[in-house]
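Quick note on numbering: the sequence shown equals residues 1 to 100 in our numbering.
C-beta: ideal position from N, C-alpha, C; glycine also.
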Amino acid sequence: MNAAELEALLIGLLRLWSIEATVAVTRQDEGLTARVDGAEGIVVTVEQSRQPFGIAWHVQVDGERRRAYPSTIGVIRHLRSVLAPERGAARVLFAAGSRA
(Lines of atoms letter the chains of each structure in order from A; the text may use other names.)
(Lines give C-alpha, C1' and ligand atoms only; values in the text may rest on other atoms or scores of the structure.)
Protein backbone atom coordinates (compact mmCIF):
# COMPACT_ATOMS: atom_id res chain seq x y z
CA MET A 1 0.00 0.00 0.00
CA ASN A 2 1.28 3.45 -0.80
CA ALA A 3 0.47 6.79 0.86
CA ALA A 4 -2.28 7.69 -1.62
CA GLU A 5 -4.00 4.31 -1.13
CA LEU A 6 -3.92 4.61 2.66
CA GLU A 7 -5.29 8.14 2.46
CA ALA A 8 -8.08 7.01 0.08
CA LEU A 9 -8.97 4.14 2.43
CA LEU A 10 -9.21 6.39 5.48
CA ILE A 11 -11.12 9.15 3.70
CA GLY A 12 -13.52 6.55 2.28
CA LEU A 13 -14.18 5.13 5.75
CA LEU A 14 -14.80 8.60 7.17
CA ARG A 15 -17.28 9.33 4.37
CA LEU A 16 -19.01 6.01 4.89
CA TRP A 17 -19.41 6.74 8.59
CA SER A 18 -20.40 10.41 7.96
CA ILE A 19 -17.53 11.73 10.06
CA GLU A 20 -15.94 15.14 9.64
CA ALA A 21 -12.17 14.70 10.06
CA THR A 22 -8.88 15.48 8.39
CA VAL A 23 -6.35 12.90 7.25
CA ALA A 24 -2.62 13.42 6.73
CA VAL A 25 -0.39 10.56 5.53
CA THR A 26 3.41 10.55 5.54
CA ARG A 27 6.00 7.97 4.58
CA GLN A 28 8.49 7.07 7.29
CA ASP A 29 11.33 4.65 6.53
CA GLU A 30 9.68 1.39 5.41
CA GLY A 31 6.19 2.33 6.50
CA LEU A 32 3.37 4.84 6.48
CA THR A 33 1.91 6.97 9.23
CA ALA A 34 -1.53 8.56 9.04
CA ARG A 35 -2.96 11.07 11.45
CA VAL A 36 -6.73 11.39 11.68
CA ASP A 37 -8.00 14.50 13.45
CA GLY A 38 -11.63 13.83 14.28
CA ALA A 39 -14.45 15.68 15.94
CA GLU A 40 -14.30 16.54 19.64
CA GLY A 41 -10.49 16.59 19.55
CA ILE A 42 -10.06 12.86 18.89
CA VAL A 43 -6.66 12.21 17.31
CA VAL A 44 -5.86 8.75 15.96
CA THR A 45 -2.51 7.63 14.54
CA VAL A 46 -2.46 4.69 12.13
CA GLU A 47 0.87 3.12 11.19
CA GLN A 48 1.62 0.48 8.60
CA SER A 49 5.06 -1.12 8.44
CA ARG A 50 6.73 -4.06 6.76
CA GLN A 51 8.06 -6.61 9.23
CA PRO A 52 9.96 -9.88 8.62
CA PHE A 53 6.66 -11.75 9.07
CA GLY A 54 4.63 -9.41 6.83
CA ILE A 55 2.66 -6.19 7.18
CA ALA A 56 1.93 -4.90 10.68
CA TRP A 57 -0.62 -2.24 11.60
CA HIS A 58 -0.63 -0.11 14.74
CA VAL A 59 -3.38 2.21 15.94
CA GLN A 60 -3.07 4.69 18.77
CA VAL A 61 -5.69 7.04 20.10
CA ASP A 62 -4.27 9.97 22.08
CA GLY A 63 -4.16 9.03 25.73
CA GLU A 64 -4.57 5.29 25.13
CA ARG A 65 -2.15 2.45 24.55
CA ARG A 66 -0.93 1.58 21.08
CA ARG A 67 -2.60 -1.53 19.64
CA ALA A 68 -1.28 -3.89 16.96
CA TYR A 69 -3.27 -5.61 14.20
CA PRO A 70 -2.20 -8.16 11.56
CA SER A 71 -4.73 -6.94 8.96
CA THR A 72 -6.72 -3.94 7.82
CA ILE A 73 -9.93 -5.50 9.15
CA GLY A 74 -8.80 -5.04 12.76
CA VAL A 75 -7.72 -1.48 12.02
CA ILE A 76 -11.09 -0.65 10.44
CA ARG A 77 -13.00 -2.09 13.41
CA HIS A 78 -10.84 -0.16 15.87
CA LEU A 79 -11.28 3.10 13.96
CA ARG A 80 -15.04 2.62 13.79
CA SER A 81 -15.26 1.95 17.52
CA VAL A 82 -13.31 5.14 18.27
CA LEU A 83 -14.62 7.53 15.61
CA ALA A 84 -18.18 6.23 15.15
CA PRO A 85 -19.15 4.20 18.23
CA GLU A 86 -22.85 4.77 17.56
CA ARG A 87 -22.58 2.91 14.24
CA GLY A 88 -22.29 -0.52 15.85
CA ALA A 89 -20.73 -3.55 14.19
CA ALA A 90 -21.65 -4.61 10.68
CA ARG A 91 -20.87 -7.57 8.50
CA VAL A 92 -20.73 -8.16 4.79
CA LEU A 93 -22.16 -11.43 3.57
CA PHE A 94 -21.45 -12.81 0.13
CA ALA A 95 -24.03 -15.10 -1.39
CA ALA A 96 -24.19 -16.92 -4.67
CA GLY A 97 -26.38 -15.09 -7.14
CA SER A 98 -28.74 -16.59 -9.64
CA ARG A 99 -28.22 -16.23 -13.36
CA ALA A 100 -31.38 -14.88 -14.87
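Is residue i near residue j, with beta carbons less than 8 Å apart?
| i | j | result |
| --- | --- | --- |
| residue 46 | residue 36 | yes |
| residue 82 | residue 23 | no |
| residue 87 | residue 17 | yes |
Compare the C-alpha of residue i against each of the options and name the closest.
| i | options | result |
| --- | --- | --- |
| residue 51 | 59, 2, 70 and 17 | 70 |
| residue 68 | 96, 15 and 49 | 49 |
| residue 25 | 15, 19 and 11 | 11 |
For residue i and residue j, I'd like the C-alpha separation in whole angstroms.
| i | j | result |
| --- | --- | --- |
| residue 6 | residue 96 | 30 Å |
| residue 13 | residue 34 | 14 Å |
| residue 84 | residue 74 | 15 Å |
| residue 8 | residue 1 | 11 Å |
| residue 59 | residue 21 | 16 Å |
Please classify residue i: is it buried, with 16 or more other beta-carbons within 10 angstroms of its beta-carbon, or exposed?
| i | result |
| --- | --- |
| residue 80 | buried |
| residue 54 | exposed |
| residue 63 | exposed |
| residue 38 | buried |
Could you check how far apart the C-beta atoms of residue i and residue j are, in whole angstroms? I think they sit under 8 Å.
| i | j | result |
| --- | --- | --- |
| residue 32 | residue 56 | Not quite, the Cβ-Cβ distance comes to about 11 Å (not below 8 Å), so this is no contact. |
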